[in-house]
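Peer 1: My structure is below; once you've seen it, I'll send some questions.
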Amino acid sequence: MNYNQYEVVLINLDPTIGSEIQKTRPCMIISPKEMNYSNIIVAPMTSKYKDYPTRVKLKKDSFVVLDQIRTVSTKRVLKKLDVKITSRQIKEIKNTIKIMLV
572 MNYNQYEVVL
582 INLDPTIGSE
592 IQKTRPCMII
602 SPKEMNYSNI
612 IVAPMTSKYK
622 DYPTRVKLKK
632 DSFVVLDQIR
642 TVSTKRVLKK
652 LDVKITSRQI
662 KEIKNTIKIM
672 LV
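Residues 572 to 673, numbered by our numbering, are exactly what the sequence shown covers, in order.
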């Protein structure tokens, strides 16, 4: 299956250790399409609001958790989700990642 950057997929993140975000949940693909063969880089999503600068709001009860970015096998993907991401949201996600990693 082909996976595109900024697509949202449902992933089983378990097992986890410590404070890693867990369970089956939507995740946004962060890695570019050219890298998305056997592994993808994702940012989990949550409905719980926390006032962290690393959380980007997508809609009323949906946040991308950029402080929990991880690489996972594409075998963990259960299905693609039909979530529309705006260009403004993509820009905010890119800027947040840039601030975090530079």
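Ideal Cβ placement from N, Cα and C applies to all residues, glycine included.
Assign ASN607 to one of two classes, buried (16 or more other C-beta atoms within 10 Å of its C-beta) or exposed (fewer than that).
Peer 2: Here residue 607 refers to the residue found at position 36 of the sequence shown. ASN607 is buried by the Cβ-count criterion.
Peer 1: Apart from the five residues just before and just after VAL627, which ones in its own chain have a Cβ nearer than 8 Å to its Cβ?
Peer 2: The sequence position of residue 627 within the sequence shown is 56, counting from 1. Around VAL627: PHE634, VAL635, LEU637, GLN660, GLU663, ILE664 and THR667.
Peer 1: Taking just the CA atoms, how far does LYS621 sit from ILE612?
Peer 2: The residue you call residue 612 lines up with position 41 of the sequence shown. The residue you call residue 621 lines up with position 50 of the sequence shown. Using only the alpha carbons, I get a separation of about 22 Å.
Peer 1: To the nearest angstrom, report how far apart SER644 and ASP632 are at their CA atoms.
Peer 2: Taking the sequence shown and counting its residues from 1, the one referred to as residue 644 is at position 73. Taking the sequence shown and counting its residues from 1, the one referred to as residue 632 is at position 61. Taken atom to atom, the span from the alpha-carbon of SER644 to that of ASP632 is near 27 Å.
Peer 1: Classify ILE582 as helix, strand or coil using the three-state DSSP reduction.
Peer 2: Here the question's residue 582 lines up with position 11 in the sequence shown. Here ILE582 sits in strand by DSSP.
Peer 1: Give me, in chain order, the residues of the same chain whose beta-carbon lies closer than 8 Å to that of ILE592; leave out the 5 immediate sequence neighbours on both sides.
Peer 2: Counted from its first residue, the sequence shown places residue 592 at position 21. The beta carbon of ILE592 lies closer than 8 Å to those of LEU584, PRO615, THR617, VAL636 and GLN639 in the same chain, with the five residues before and after it left out.
Peer 1: From which residue to which residue does the alpha helix (DSSP H) around SER658 run?
Peer 2: Position 87 of the sequence shown holds residue 658. Unbroken alpha helix (DSSP H) run through SER658: 658-672.
Peer 1: Quick check on the burial criterion: 16 or more other C-beta atoms within 10 angstroms. Buried or exposed for VAL648?
Peer 2: Translated into positions along the sequence shown, residue 648 becomes position 77. VAL648 should be labelled buried.
Peer 1: Starting from the Cα of MET572, find the closest Cα among LYS650, PRO603 and PRO624 and give me that residue.
Peer 2: Taking the sequence shown and counting its residues from 1, the one referred to as residue 572 is at position 1. The option with the nearest alpha carbon to MET572 is LYS650.
Peer 1: Closer than 7 Å by C-beta to LYS594: which residues in its own chain qualify, once you throw out the five before and the five after it? Chain order, please.
Peer 2: Along the sequence shown, one-based indexing puts residue 594 at 23. Cβ contact annotation for LYS594 (same chain, cutoff 7 Å, sequence separation greater than five): LEU584 and ASP585, in chain order.
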